[in-house]
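So in our numbering, spot 211 of the sequence shown is number 225, and the numbers just go up one at a time. Using N, Cα and C, we set each Cβ at its ideal position, and we do this for glycine too. All figures in this text were calculated on a predicted structure; none of them were measured in a lab. In what follows, a structure is listed as structure tokens, so that the remarks can point back to it.
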Amino acid sequence: RLLRRKGYVTLGGKGGERRIIRLGPWRWLLAGYGWLIVLLALVLPVAVLAQAAFAQAWGRGWRLDNLTTDNFAYLLFRHPAARASIINSFEYAGAAATIALALAVAVAYVSSRRLVPFSAALGALCMTPFVIPGIVLAIAFYAAYAPAPFSLYGTGFILVLAFTTRFLPVAYSSSSAAIRSINPEMEEAVRILGGGRGLAIRRVIGPLMKRSLVGAWLLVFIPASRELSTAMFLYGPATRPMSVMLLDLSEEGNFELLAALGLLLLLATFAIVGLGMRLVGRDFMVRRKQ
């Protein structure tokens, strides 16, 4: 009862500033701990991955006579399915992220502003796929859409639909948090001045949510581009994504090609995140509190 009337508004008509926490002498210890985590969790694994990707035989280490770029050339120009799998992954992930974000923003806005009865139930439905394992979701989609009259098994459409459903909770949670952080009084001010709800959304809500929406899109796109548990039951010969291609290369035992394809996926992901930082700032994936 005490918290019932508590609001979640963090964006209003007033400006704000970031607060710096003074750590004193502890800053060196915490900085060292942070760099240690980065070294163990990112730098060393990526270095080993890069060594294997550029190696003729990854067990021979960083020797000049062992370095080659043929692994990448083979995957991109001579492998019968690798290049198509790369294109498929990014096409399906991009489509799923766009559709999921559009649905999530619409439901989050309706739910937060209580525009229809039982609007909270819509938000709960958007979060339901979060508790369903990906492999179970894939089996459900196979059972529902593989037989006639749909006959969607092995098509790109069923993969986009499955990825959209799988990661809809991610898009909804980010969209809901962004909308709840905006004071409804800012919309009401537009309407008092003669503007409609559409104008308020386009000129006020949209610009204020730009950072959050780009972050939400990327938070869906990145895991969707490497999703395996859902894709492995639904893909076809012409719609195999990169995650399934990685599994196939692993089963073939060709670790050098596996590492090269994995490094391509990693570099593409870094490039997309870097583009997001370029467009809307380096902290676009961080929920700002003002």
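Cβ shell of residue i (< 7 Å), same chain only, five flanking positions each side left out
i      : result
Leu151 : Pro143, Ala176, Thr179, Arg180 and Thr244
Leu263 : Leu271, Leu272 and Leu275
Phe269 : Ala66 and Trp72
Ala95  : Arg254 and Met259
Val130 : Val124
Outcome for residue i when other beta-carbon atoms lying within 10 angstroms are tallied against a minimum of 16
i      : result
Val121 : buried
Ile35  : exposed
Thr83  : exposed
Phe164 : exposed
Ser188 : buried
Leu207 : exposed
Val9   : Here the chain covers residues 15 to 304 and nothing more, so residue 9 does not appear.
Glu241 : buried
Ile149 : exposed
Ala162 : exposed
Leu260 : buried
Gly290 : buried
Val174 : buried
Tyr123 : buried
Ile51  : exposed
Ala111 : buried
Ala109 : buried
Closest residue to residue i among the options (Cα-Cα distance)
i      : options                          : result
Ala214 : Gly229, Val145 and Pro198        : Pro198
Leu166 : Thr253, Ile193, Leu89 and Ala118 : Thr253
Thr169 : Ala162, Ile51, Pro251 and Leu136 : Pro251
Leu117 : Ala282, Leu43, Leu227 and Glu265 : Leu227
Phe284 : Ala154, Val60, Ala45 and Arg33   : Val60
Gly113 : Leu232, Tyr88 and Leu53          : The sequence given here has Ile at residue 113, not Gly. When only C-alpha atoms are compared, the closest one is Leu232.
Ile100 : Leu89, Tyr123 and Ala157         : Leu89
Leu293 : Arg225, Glu266 and Leu129        : Arg225
Ile236 : Val145, Leu44, Leu37 and Ile286  : Ile286
Beta-ladder partner(s) of residue i, from DSSP
i     : result
Ala69 : Leu81
Residue i and residue j closer than 7 Å at C-beta
i      : j      : result
Ala274 : Ala67  : yes
Leu248 : Ile172 : yes
Asn80  : Gln65  : no
Met246 : Leu279 : no
Ser8   : Ser133 : Only positions 15 to 304 of the chain appear in this structure, which leaves residue 8 out of reach.
Leu63  : Leu281 : no
Leu182 : Cys140 : yes
Close Cβ partners of residue i (< 6 Å) along its chain, the five nearest in sequence each way excluded
i      : result
Glu105 : none
Ala154 : none
Gly288 : none
Ala160 : Tyr167
Met200 : Val218
Close-in-space but distant-in-sequence residues of the same chain around residue i (CB under 8 Å, 5 per side omitted)
i      : result
Ala230 : Leu115, Ala118, Val184, Ala185, Ser188, Ser189 and Ala192
Arg92  : none
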